[in-house]
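**Q**
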Amino acid sequence: MEESVPIHILGKTGVDIMKKTAVLLAAFIAAASLAGCSDKLSDEYVTVNEYKGIEVEKAEVTETTEEEIDKVVARMMEGYVAQHDLPEDTQITDEIVKETLSDTAETVKEYRADLRRQIDAAKEDAAREKIETRAWEQVIDKTEVKSYPKDRIKEVKKHLEGQYEAYAKEAGMEYDAYMEALGMTDKELDKAAKASVKQELAADVIADRYGLKPNEEEFQKALEEYAKEYKFANTDLLLEAVSEEEMRLLVTQDNVKSWIADRCKLVEASEETTAEDREDETAEAETKANEDGKATAQ
């Protein structure tokens with residue numbers, strides 16, 4: 302995607318120099334005011350050309366259907382039946398709900414209502430995430446990199462290599478053979494590292510300008526949310542898997558993405574985007590509700 306720079310009006314051309322002093326002064330004041338409203342942000346590494354008022358396609362949130370709830374219930378019952386060695390056609394009952402599937406619901410009706418709320422919430426979360434992602438992609442597309450911090454590029458590339466080494470081990474393959482099978486070259490790893498660092502740099506300059514870096518309280522809260530989402534028993538275990546420095550960068554990016562999304566201009570989505578959103582929304586919502594149900598049952 303070609304990068305573009307917003308056009309900022311710095312003053313009217315062709316102004317008659319014989320106009321009254323007051324009119325000329327007013328023009329200069331207006332020009333200075335408009336120049337001061339530029340959306341560009343820059344430091345030694347990047348120039349972020351646009352980040353406020355970006356047009357983003359809406360992410361549709363559909364009404365949860367009985368069919369969607371049925372699918373989640375069916376998945377939960379599959380697990381229950383397998384665990385208790387019951388016939389496959391065993392139907393859900395109030396007793397099963399109360400004793401195994403829920404800490405709050407006591408009847409099938411109440412359980413289904415809980416699932417509806419969970420699916421609704423998951424759809425809202427998924428829609429918000431899509432908007433944040435779409436807005437952030439535009440910010441990154443329109444960000445110019447002046448230079449990359451070489452040490453950070455090496456660090457991120459090394460981290461990526463470590464991840465792929467772990468994937469290769471899980472697959473029972475040697476690293477080189479695994480990377481060849483993926484078609485991932487060293488040059489593409491460099492490209493991936495630069496793409497990651499570009500996002501860090503863009504987020505950092507925006508966060509510095511608008512005070513979006515988390516304080517200690519905010520950081521600890523974010524760690525707890527990440528630990529819960531990725532099934533870590535506590536934040537200490539999370540920080541054993543991911544360094545505190547990396548987590549701070551991640552939380553800062555989250556804050557920046559949310560801030561940008563709050564200031565974007567939502568426009569009607571194309572038919573293609575809407576269709577894709579509906580497919581993603583249903584799958585994500587059912588998965589989330591299924592995971593929540595399993596957590597409750599445990």
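FYI, the numbering for the sequence shown is 302 to 599, going by the working numbering. Idealized CB from N, CA, C, for every residue including glycine.
1. Any idea which residues DSSP pairs S343 with across the strands?
2. Got a sec, what are the start and stop residues for the beta strand (DSSP E) K566 sits in?
3. Closest to D340 by CA distance: which of V373, V362, V440 is it?
4. Within 10 Å of its beta-carbon, does L483 have 16 or more other beta-carbons around it, so buried, or fewer, so exposed?
5. Return the CA-CA distance between F329 and H460, expressed in angstroms with no decimal places.
6. Can you tell which of A469, A467, V498, E462 has the C-alpha that lies nearest to the C-alpha of L490?
7. Where M474 and S448 are concerned, what is the direct C-alpha to C-alpha distance, given to the nearest angstrom?
8. Using the rule of at least 16 other Cβ atoms within 10 Å of the residue's Cβ for burial, across every protein chain shown, is Q392 buried or exposed?
9. Select from A414, E569, G380, K566 the residue whose C-alpha is nearest the C-alpha of T401.
10. Can you grab the Cα-Cα spacing for the pair E411 / E358, in whole Å?
11. Which residue comes first and which comes last in the alpha helix (DSSP H) that contains E445?
12. Hey, could you find the ends of the alpha helix (DSSP H) E457 is sitting in?
13. Can you tell which of T394, E573, E547 has its C-alpha closest to the C-alpha of M378?
14. Taking just the CA atoms, how far does K458 sit from I397?
15. Take the Cβ of A383 as the centre, count every other Cβ of all protein chains shown within 10 Å, and call the residue buried at 16 or more, exposed below.
16. Ignore the nearest five residues each way along the sequence and tell me which others in F533's own chain have a CB closer than 6 Å to its CB.
17. With DSSP run on the structure shown, which of helix, strand or coil describes E364?
18. Quick one: give me the first and last residue of the beta strand (DSSP E) that V357 is part of.
19. Please state whether DSSP places Y412 in a helix, a strand or coil.
20. Hey, would you say V552 sits closer than 8 Å to A528, going by beta carbons?
21. Report all residues from its chain with a CB closer than 7 Å to the CB of R564; omit the five preceding and five following residues, and keep chain order.
22. Taking the alpha carbon of L342 as the reference point, which residue from G512, Y468, V506 has its own alpha carbon closest?
23. Looking only at its own chain, which residues have a Cβ that is under 8 Å from the Cβ of E433, when we skip the five neighbours before and after it?
24. Considering only C-alpha positions, which residue in the set N535, P450, M485 is nearest to L502?
25. Could you check if L326 is buried or exposed, using at least 16 other CB atoms within 10 Å of its CB as the buried criterion?
26. Hey, out of P515, V362, T363, V446, whose CA is closest to E345's CA?
27. Among the residues of its own chain, which have a CB less than 8 Å from the CB of T575, if the five just before and after it don't count?
28. Are the CB atoms of K443 and E351 within a distance shorter than 8 Å?
**A** Concretely, from the data shown:
1. T348
2. Per DSSP, K566 belongs to the beta strand (DSSP E) from 566-568.
3. V440
4. exposed
5. In this prediction, F329 has a pLDDT of 39, which is less than 50 and means its spatial position is unreliable; nothing more can be read from the coordinates.
6. E462
7. 36 Å
8. exposed
9. G380
10. 36 Å
11. E445 -> not in any alpha helix (DSSP H); beta strand (DSSP E) instead, spanning 444-446.
12. According to the sequence as given, residue 457 is Val; it is not Glu. 451-471 is the span of the alpha helix (DSSP H), which, as asked, contains V457.
13. T394
14. 50 Å
15. Exposed, because fewer than 16 other Cβ atoms sit within 10 Å of the Cβ of A383.
16. Cβ-Cβ distances below 6 Å link F533 to L539 in the same chain, with the five nearest sequence neighbours on each side left out; the list follows chain order.
17. Three-state DSSP puts E364 in coil, outside helix and strand.
18. Taken as a continuous stretch (DSSP letters only), the beta strand (DSSP E) holding V357 covers 356-358.
19. In this structure, Y412 counts as helix in the three-state DSSP scheme.
20. Judged by their CB atoms, V552 and A528 are not nearer to each other than the 8 Å cut-off.
21. K353, G354
22. V506
23. K558, S559, I561, A562
24. P450
25. Because L326 sits at a pLDDT of 37, beneath the cut-off of 50, its placement in the model cannot be relied upon, and the following sentence gives the value as read from the coordinates. Its Cβ having fewer than 16 others within 10 Å, L326 is exposed.
26. V446
27. E361
28. yes
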